[in-house]
Each structure stands twice: as C-alpha cells, then as structure tokens.
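Q:
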Amino acid sequence: MAQIKALDKKAHANLKLTQDITFDHVSSNHILPLVVQEIVQAAQSYPILFVKDQNTDQFKVVALTGLRPGENLFSGADGWNGSYIPLQVRTYPFVLVKNPENTDQAVLCIDEDSKMLSESEGEALFDGEGEQTDYLKNRAQAVVETAQRVSVTESFIEFLVSKDLLTQKKLTLRITEEDKPYDLTGFYVIDEEKLNKLSDEDFLELRKRGALPAIYASMMSSMQVQNLIRKKRLN
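Under this note's numbering, the first residue of the sequence shown is numbered -10, with each subsequent residue one higher.
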C-alpha cells in the first residue's frame, strides 16, 4: 500500500532516490493513466481506452498494458518492454496532491513505501542545508507539468462526454487457438460514427483544442491489442 506523505525537508532530510528500470510499482497494473498530450506517442505501443471511475463517474484515458487484471506485459526484470513509458509512471514516487480546503493549492508528496527510496544510495533530495537539490527541483517540475496536463486532459474528456462520443467496448480475447475466448469489460472508446456526425462547429472546436491527433491516434490504437497478445504468447 502506498504511503503518500507531504515532502518535508526534516522528515525526509536523508532520503535518496534510486532508479528502477523495471518500474516495479506498476508491475501488476493492466491499465495505466495517460494525459492527452501523450496519447499519440502511447498509441504506438498500447491500445488507448477510456474507463469510468466507479466512485466519481468521471472518465479517464488509459493505456492497456495487460490482458488480465493484475498483469503488466511491459514491466520486466530487464526493463520496460515498450517504446514509450507513460508520464505518470516516470514521475513516481512523487505526486502532487491538492489541498482539500483550497483546490487552487497543491502539495508535493512522496510515496514513503517506494522501493526506490534509500538513505545509503541514489540521488539526494535535500542538501546539507535542508534545501532542495537540483535533482529534486527537476523531478518536482516534471510532476507539476504532468499535473497541469492532467487538468487539460480532464477538459478534453469532458468535451467528449458532453458530445456523447464515448461508447462502451468489450474486448473479446483469445491468446492461442487452444484457449477459450474471454472478455475484458469496463472500457470505452471514441465512437467513430458519432464523431463523423459532429456539427462543423463542434468539429472545429476539437481542432482548436488540438485534440484531433489524440482522437485519431486512440481510434487507430486498437490494432495494438494484437501486439499485447503476441507479448502474452512469448511470456
């Protein structure tokens, strides 16, 4: 279980961060969150889908990295087995948490249970004076930029939902000819027919938002399901 705590120069004065090329913290995640700005790149490796948060009813865009819950076909002992690593995977173990009393404010936090943290090796987070090192400043900046992209992504998805462009998609899978087919459910995709029926005004709005490349990339990414099946056969 993650232990997300606000980064503190006293409590975390001696912490150092090592690199984990296996990205073990998502080794059992069959879906990974994306921001709209990375969909085009991510679509070259993963099927891009949408899921609905059961608690908030809000949609999120994700990369499918496994063919069953609890499985990630890209996280391995020799490193990440894919050409693109999602931003929110790379920014771990840092996360920006909004202040519940003032949502305009956010606090840089860290997962204290991360295996990447050490007091004996790695890059120091604070110097001898208790100030953030350049390494931490750069990592923090990446987290802030990713959080800003999440906000843009939420706006992008809200527009898709407002135009009823998301439709449920059931993935029927069979790994080998001998296997029985099974279904992966709970996913949504962009409805091509509804997209083509958008008014000129709405379509122009998508173009102004710069959303069209991401939309078309997500639609074409369905062919990556076969890529996952090939990976599964090799495992």
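Backbone N, C-alpha and C fix where the C-beta goes; we use that ideal spot for every residue, glycine too. Fair warning: this is a prediction, and the values are worked out from it, not measured in the lab.
Do three or more CB pairs link the segment 164 to 176 to the segment 186 to 196 at distances below 8 angstroms?
A: Contact fails: fewer than three Cβ-Cβ distances are below 8 angstroms.
Q: Helix, strand or coil for A32? Go by DSSP, reduced to three states.
A: Coil at A32, not helix or strand.
Q: Could you tell me how far apart the beta carbons of I266 and L155 are, in whole angstroms, since I believe they sit closer than 8 angstroms?
A: It is not possible to answer for residue 266, since the shown part of the chain is limited to -10 through 224.
Q: Would you report the Cα separation of Y73 and E108, rounded to the nearest angstrom?
A: Roughly 30 angstroms separates the two Cα atoms.
Q: If you drop the 5 nearest sequence neighbours on each side, which residues of the same chain put their C-beta closer than 6 angstroms to that of K292?
A: No statement about residue 292 is possible, as the shown extent of the chain runs from -10 to 224 and does not include it.
Q: With 16 other CB atoms within 10 Å as the buried threshold, where does S144 fall?
A: With fewer than 16 other Cβ atoms within 10 Å, it is exposed.
Q: Would you say the segment 20 to 31 touches the segment 196 to 216, given that touching needs at least three Cβ pairs under 8 angstroms?
A: In short, these stretches touch, since the Cβ pair count reaches three.
Q: Please check the pair I20 and T54, which I expect to be a contact at CB under 8 angstroms, by giving their CB distance rounded to whole angstroms.
A: About 7 angstroms; that satisfies the 8 angstroms criterion.
Q: Mind checking R196: buried by the 16 CB within 10 Å criterion, or exposed?
A: Exposed, by the Cβ-count rule.
Q: Distance, Cα to Cα, I99 vs P75?
A: Computed Cα separation, rounded: 18 angstroms.
Q: Quick test of the definition: if touching needs 3 or more C-beta pairs under 8 angstroms, does the segment 31 to 46 touch the segment 205 to 223?
A: With the cut-off at 8 angstroms, the segment 31 to 46 and the segment 205 to 223 touch.
Q: What residue ranges within the segment 99 to 182 form continuous beta strand (DSSP E) runs of no fewer than 3 residues, ordered along the chain?
A: The segment 99 to 182 contains these whole beta strand (DSSP E) runs: 155 to 162, 171 to 179.
Q: If we ignore side chains and look at the alpha-carbon of each, how far apart do K158 and E110 end up?
A: Answer to the nearest angstrom: the Cα atoms are 46 angstroms apart.
Q: In three-state DSSP terms, what is Q43?
A: Note: Q43 maps to coil in three-state DSSP.
Q: Rounding to the nearest angstrom, what Cα-Cα distance links Y177 and A52 in this structure?
A: For Y177 and A52, the distance between alpha carbons rounds to 12 angstroms.
Q: Are A129 and K5 close, meaning C-beta to C-beta below 7 angstroms?
A: Going by C-beta atoms, A129 is not nearer than 7 angstroms to K5.
Q: Report the three-state DSSP secondary structure of L21 (helix, strand or coil).
A: Three-state DSSP puts L21 in a strand.
Q: Residues in the same chain with beta-carbon distance under 6 angstroms from E60, minus the five sequence neighbours each way, listed in chain order, please.
A: Excluding positions up to five away in sequence, the list reads H19.
Q: Just tell me which of Y124, F48, L97, Q30 has its CA closest to the CA of T7.
A: Looking at the Cα atoms, Y124 is the closest of the given residues.
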